[in-house]
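Undergrad:
There are 2 protein chains.
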Amino acid sequence: MQRALGLAREVLYTTTPNPRVGCVIVRDGQILGEGATQPPGGGHAEVMALRAARAAGHDLAGATVYVTLEPCSHFGRTPPCVDALVAAAPARVVVALGDPNPRVSGQGFARLRAAGVEVSSGVCEEEALALNPGFVARMSRGTPWLWLKLAASLDGRSALHNGLSQWITGEAARADGHAWRARADLVLTGLGTIVHDDPQLNVRAVSTPRQPRRGVVDGQFRVPEDARLFDGEPVWVFTARQDHAKAERLASRNVEVVCLPDASGEHVDLPGMMRWLGAHECNEVHVEAGAGLSGALLAADCVDELLVYLAPVLLGDAAGMVRLPVLERLDAARRYAFTDLVRVGEDVRLQARDPARWQALLDSARQASFI
Amino acid sequence: MQRALGLAREVLYTTTPNPRVGCVIVRDGQILGEGATQPPGGGHAEVMALRAARAAGHDLAGATVYVTLEPCSHFGRTPPCVDALVAAAPARVVVALGDPNPRVSGQGFARLRAAGVEVSSGVCEEEALALNPGFVARMSRGTPWLWLKLAASLDGRSALHNGLSQWITGEAARADGHAWRARADLVLTGLGTIVHDDPQLNVRAVSTPRQPRRGVVDGQFRVPEDARLFDGEPVWVFTARQDHAKAERLASRNVEVVCLPDASGEHVDLPGMMRWLGAHECNEVHVEAGAGLSGALLAADCVDELLVYLAPVLLGDAAGMVRLPVLERLDAARRYAFTDLVRVGEDVRLQARDPARWQALLDSARQASFI
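Line by line, the protein sequences give chains A and B.
If you use our numbering, the first sequence corresponds to residues 330 to 700, in order.
If you use our numbering, the second sequence corresponds to residues 330 to 700, in order.
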């Protein structure tokens, strides 16, 4: 299964909106075939592995198929993988994670069992979920998995009092941040960052065949039309204010303006934006914004995970990482759970996620196994 | 040598102002004897290991002695270890770290070589230095090694706007912090912390036979005489203002008041305090203070190492970790180097130190070997 997870990791940047899946077919300690999900429209992992086994002249009698996600049982862009597996008739299928896709959920397992294939599930489940939290979130709750990328000094300062912020963390942390952009469906920022830094927000520091879409949250639709972000590749602008003339001018540059006002009419309805993104096949959202939007997403409870880069320096004065409503009690603050800490060049990267939301994803994937 | 380092770690809380040293005597893969430095006045590691070997009936012909610090060559509270080693006549002595003590520096090596013992040095040097940065700092530059213990949220906030600060980090982080107090010679805080939290600042969460001395930096000598800190165990108060009557009242409670005004006469001369501490046999200083004293020590360039506990929570508003003079340029901030990151309960601990100062300690220990 570790080998199957490794194969899935190799396609981290390319399969979306489909999940990243790896598959290894084994008999008597020999690998008969292996594969990973191809870009949308291409073969799924199971089909790639079956093809490889067939090309090498193997039949699958008595073989065990290791696959990181429950095989699909429905016609999407490709025919169901379960049909291909049933036709190949292996002795056993071992699955890491159930598929909460309502069109799959347990059907894959049921079809295999009906065909006399032994099925087991839950092997390396959390590692498999870490490969596809966005896919599982979209299928089970209808919204993407969102992480907030923050970079600051060890005392949590992301800029000096005079606005200087480039660069507190180093080259390696920036490249690592680009790797997280590369796996996302959407790289999202706020108007403040556009005005202050005018970033491109695309992936440059790591190699990827697919660029994520970019997005801007801009309540009053003040985004400058000559922002570097508007480079002809697709961009979404989320706003609370209609301006058809501006929207039309931007449309000619491949910018789609989405008007989603909240109850006040002043700001973007952030939870509504999350549902909209889920409906538009976004699995993973990478937020790289200033303290304003970062804080607003936290306050609106839209943040699933934190990805924090800290530099070994203390700055003392200057701007904080997130702007939040004033807290009166410490237990009023949302507690995340650290999941990983590593050194990245001269900096460190800390990951923490909302434990209840993670558990909810695991539960929804597990339900699949018991239908 | 790893075993000798382990023995030295076992006496981390007890040997000061002497260094923590471990010694293992080996022949043909068999351990003949081992030991670690006893509390002041007791035997040093080499003598303990020699005694153990003798008690087990071994002579040392052809043996190798592994010792984590250059054996002493002078009469202090005990006779020189070098004499004992020369008398035992092992074939070889392997040392991790030279001793920059001007009364030892290279003399230990020279005496052993003159007696026909093969000597080598520099094995696991940095690990050995990490056991005794304070001793090496005091011997080589005349001041203690000082670390700043900071605890905060992931966005660097150590209290809410209303002053609430207990507890951002958890029980495990507090216990770990006590282990760092336990190895220090002095636990130092500022007046603000005394007034705000009235802490005891002693070691409770880990077991230790020795309590570190405590100290308060209190420029205007405003410390309340009924502070819980003044419990009869020794305390130093560093101030810039004379008040003989108050000092005398405190003296009866085992408090020594040290007047060290800076040029303005308003504040304590912090670099002067560091030299005073060095002259008073302080090897390691553990600072656990508010943003004021922490920032002042950083600004006065008295901080060698950072020990930062971060909780997986974002607080947004509220007080920062350190108060520093306003910076105009990012490269004006002192860069530390991360040396360790670990999870401590639900929190993380990040260690970073000043790389130039660490290198200076290594260099001074290395000089010993070349005299």
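Here a beta-carbon is modelled for each residue, glycine too, at the ideal position from N, C-alpha and C.
Remember, it's a predicted structure, so these values are computed and weren't measured experimentally.
Enumerate in chain order the residues of its own chain whose CB-to-CB distance from residue 668/B is below 7 Å, with the five nearest sequence positions on each side excluded.
TA: 680, 681, 682
Undergrad: So that I know if they touch, is there some Cβ in chain A lying closer than 8 Å to that of residue 700/B?
TA: For residue 700/B, the predicted structure reports a pLDDT of 46, less than 50, and the residue's modelled location is therefore unreliable. A value from the coordinates is still provided. So no, residue 700/B is outside the interface.
Undergrad: Tell me the rounded alpha-carbon separation between residue 666/A and residue 481/B.
TA: Cα to Cα, residue 666/A sits roughly 15 Å from residue 481/B.
Undergrad: Work out the CA separation of residue 507/B and residue 377/B for me, nearest whole Å.
TA: Between the C-alpha atoms of residue 377/B and residue 507/B there is a straight-line separation of about 29 Å.
Undergrad: DSSP three-state label for residue 464/A, please.
TA: Helix.
Undergrad: Can you list, in chain order, the residues of its chain whose CB lies under 8 Å from that of residue 555/A, leaving out five sequence neighbours each side?
TA: none
Undergrad: Kindly give me the distance between the Cβ atoms of residue 478/B and residue 636/B, rounded to whole angstroms, as I take these residues to be in contact under 8 Å.
TA: 5 Å
Undergrad: Return the bridge partner residues of residue 449/B from the DSSP annotation.
TA: 423/B
Undergrad: Shortest alpha-carbon distance to residue 544/B belongs to which of 367/B, 518/B, 465/B, 676/B?
TA: 518/B
Undergrad: So, does the CB of residue 621/B fall closer than 8 Å to a CB anywhere in chain A?
TA: no
Undergrad: Answer yes or no: does any C-beta atom of chain B fall closer than 8 Å to that of residue 665/A?
TA: yes
Undergrad: If we count the other Cβ atoms within 10 Å of its Cβ and call it buried at 16 or more, is residue 565/A buried or exposed?
TA: buried
Undergrad: Going by alpha carbons, who is nearest to residue 664/B out of 676/B, 686/B, 374/B, 675/B?
TA: 686/B
Undergrad: Look at residue 363/B and residue 390/B and say whether their C-beta atoms are less than 8 Å apart.
TA: no
Undergrad: Assuming the contact rule is C-beta atoms closer than 8 Å, residue 397/A and residue 356/A should be a hit. Round their C-beta distance to whole Å, please.
TA: No, residue 397/A and residue 356/A are not in contact; Cβ-Cβ is about 19 Å, not under 8 Å.
Undergrad: Strictly below 8 Å CB to CB, what residues from chain B border residue 462/A?
TA: The premise fails here: residue 462/A is roughly 17 Å from chain B at the closest Cβ pair, so nothing lies under 8 Å.
Undergrad: Indicate whether residue 447/B and residue 426/B have their beta-carbon atoms separated by less than 8 Å.
TA: no
Undergrad: Can you look up residue 522/A in the DSSP assignment and give me helix, strand or coil?
TA: helix
Undergrad: Any beta carbon of chain B sitting closer than 8 Å to that of residue 642/A?
TA: yes
Undergrad: Given 7 Å as the limit, tell me if residue 667/A has its C-beta closer than that to any heavy atom belonging to the ligand SAH.
TA: Only the bare structure without any ligand can be found here, which leaves the ligand SAH out of the picture.
Undergrad: Considering only residues of the same chain and omitting the five flanking positions on each side of residue 483/B, which have a CB-CB separation below 8 Å?
TA: 639, 640, 641, 642, 643
Undergrad: Assign residue 583/B to one of two classes, buried (16 or more other C-beta atoms within 10 Å of its C-beta) or exposed (fewer than that).
TA: Burial state of residue 583/B is exposed, judged by a 10 Å Cβ sphere holding fewer than 16 other Cβ atoms.
Undergrad: So residue 702/B and residue 330/B are supposed to be a Cβ contact under 8 Å. How far apart are they, rounded?
TA: Because chain B in this structure spans residues 330 to 700, residue 702/B falls outside the shown range and cannot be described.
Undergrad: Using 8 Å as the cut-off, can you tell me whether the stretch 518–528 of chain B makes contact with the stretch 546–563 of chain B, which would need three or more C-beta pairs spanning the two stretches below that distance?
TA: yes
Undergrad: At 8 Å on the CB atoms, spell out the chain A contacts of residue 336/B, in chain order.
TA: Near residue 336/B there are no residues of chain A at all, since even the closest Cβ is about 29 Å away, more than 8 Å.
Undergrad: What does the alpha-carbon distance come out to for the pair residue 464/B and residue 672/A?
TA: Straight-line Cα distance between these residues: approximately 29 Å.
Undergrad: With DSSP as the reference, label residue 557/A as helix, strand or coil.
TA: coil
Undergrad: Please report the straight-line C-alpha distance between residue 359/B and residue 352/B, rounded to a whole angstrom.
TA: 14 Å
Undergrad: Measuring alpha carbon to alpha carbon, tell me which residue in 499/A, 430/A, 458/A is nearest residue 467/A.
TA: 430/A
Undergrad: At 3 residues or longer, and completely inside the stretch 356–429 of chain A: list those beta strand (DSSP E) runs for me, N to C.
TA: 359–365, 393–398, 421–426
Undergrad: With H, G and I counted as helix, E and B as strand and the rest as coil, what does DSSP make of residue 696/A?
TA: helix
Undergrad: So that I know if they touch, is there some Cβ in chain A lying closer than 8 Å to that of residue 505/B?
TA: no
Undergrad: Secondary structure at residue 351/B, three-state DSSP: helix, strand or coil?
TA: Strand, per DSSP.
Undergrad: When you compare the CB of residue 681/A with every CB in chain B, is at least one pair closer than 8 Å?
TA: yes
Undergrad: Can you find a C-beta in chain B that's less than 8 Å from the C-beta of residue 637/A?
TA: yes
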